[in-house]
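In the numbering used here, the protein residues as written are 25 to 94.
Think of the CB as a built atom: it goes at the ideal place given N, C-alpha and C, for glycine as much as any other residue.
Keep in mind it's a predicted model, so treat the numbers as computed, not measured.
Below is one structure, written out as C-alpha cells; the observations come after it.
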Amino acid sequence: MAYDKIRGDKKVKRRELIKILVQNGWYLARHGSSHDIYTNGAKSQPVPRHNEINEVTAKNILKRAGIKII
C-alpha cells in the first residue's frame, strides 16, 4: 500500500505511523528502552517512543519497512 498522509507536516503522530505499519502486517515484537521494536516476521524496525516523530524519520522508517510513500 502507498500512503500520502505523511506529506507536508513537519511532525507525524506516532500513533499514525504505527497504524500504517500494522495495516501492512507489522506487529509489536518487544519494548526497548526508548524505542518499540516492530517486526513482520522477517525484518525488524525500531520506532522511537515519542508522541510526535520527525517527518523525515517517519518516512525512513516506512521506507526501510518496504512501505511505499506517495
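Simplified DSSP state of residue i, which is helix, strand or coil
i     : result
Asp66 : It should be noted that the sequence gives Ala, not Asp, for residue 66. The answer is coil: DSSP assigns Ala66 none of H, G, I, E or B.
Ile94 : coil
Ala53 : strand
Asn78 : strand
Cβ neighbours of residue i in the same chain (closer than 7 Å, five flanking residues each side left out)
i     : result
Leu52 : Asp60 and Tyr62
Buried/exposed call for residue i, threshold 16 Cβ in 10 Å
i     : result
Val36 : buried
Ala82 : buried
Alpha carbon of residue i to alpha carbon of residue j, nearest angstrom
i     : j     : result
Asn78 : Ile85 : 11 Å
Arg88 : Asn64 : 12 Å
Ser57 : Gln47 : 25 Å
Beta-carbon proximity check, residue i vs residue j, cutoff 8 Å
i     : j     : result
His80 : Ile42 : Residue 80 is actually Val in this sequence, not His. Not in contact: Val80 and Ile42 (Cβ atoms no closer than 8 Å).
His74 : Arg39 : no
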